[in-house]
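Below: the structure, in structure tokens.
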Amino acid sequence: MKGCDKLVDAGRRQFLRGSVMATAGAAATTVLPADKAAAKPNPARVDYPSNRIGNVSQLKPNTPVDITYPDKGSPGVLIKLGTRVVGGAGSAGDIVAFSTLCPHKGFPLGYVAADKTLNCPGHYSHFDCEKGGLQIMGQATQNLPQFTLRVAANGDIFAEGVDELIYGRLSNVL
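Plus 3 on top of the position in the sequence shown (first one is 1) and you've got the numbering used here.
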């Protein structure tokens, strides 16, 4: 019987050694492409062209301004929250913009100034505008897409990208 035990151990060792080598080989080919041309960005994180969506002079604290970005078929909202937030633009770091299509089923979201959230009337998802569109309740399975903003010296606000997948799109590529 001792011979059988050794064969089983040798088989186990061979299996583990082969598994480690296969894993290392797979990791090397996916992490270290042969050339830079083989490395491509994740299509859901592709930047959009820069579009002017408003001016700081148009904004009143905690009052949303309707916008469209990255195209006319994609409604959004521009908000000056009045407090500095992560991802906020402008000198006070308090200007944000989000898609207003619920990531769950595409219902149009409404802004609630009292708690600075965007809320879905369809299935009651709520998204926190002060926390980058973080879902705080409801049926959605992802956070609200936030637009990357840049404010020019003259106060013009430009949207230049999206951090999540916009509802109804297979990728964030135009």
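Heads up, the beta-carbon is just placed ideally off N, CA and C, and yes, glycines get one too. Keep in mind the model is a prediction, meaning the values are calculated, not measured.
Go ahead and pull the three-state DSSP assignment for residue i.
i           : result
residue 75  : coil
residue 138 : strand
residue 48  : Residue confidence is low: residue 48 scores 49 on pLDDT, short of 50, so the model does not pin down where it sits. Its coordinate-derived value is still stated next. If DSSP states are grouped into helix, strand and coil, residue 48 belongs with the helices.
residue 145 : coil
residue 133 : helix
To the nearest angstrom, how far is the alpha carbon of residue i from that of residue j?
i           : j           : result
residue 126 : residue 58  : 33 Å
residue 149 : residue 62  : 18 Å
residue 140 : residue 56  : 29 Å
residue 161 : residue 109 : 24 Å
residue 1   : residue 60  : Nothing about residue 1 can be read from this structure; the chain reaches only from 4 to 177.
residue 178 : residue 91  : The question about residue 178 has no answer, for the chain in this structure spans 4 to 177.
residue 154 : residue 107 : 30 Å
Determine the contact status of residue i and residue j, defining contact as a CB-CB distance below 7 Å.
i           : j           : result
residue 123 : residue 99  : no
residue 67  : residue 80  : yes
residue 152 : residue 146 : no
residue 169 : residue 77  : yes
Taking 6 Å as the cut-off, is the C-beta of residue i nearer than that to any heavy atom in the ligand MG?
i          : result
residue 55 : In the structure shown, the ligand MG is absent, as is every other ligand, since no ligand is present at all.
Review point. For the 8 Å Cβ check, are there 3 or more pairs between the segment 89-98 and the segment 113-129?
Key: no
Check your understanding: For the segment 85-120, which segments carrying the beta strand (DSSP E) assignment without a break, of at least 3 residues, lie completely within its bounds, in sequence order?
Key -> 98-102, 113-115
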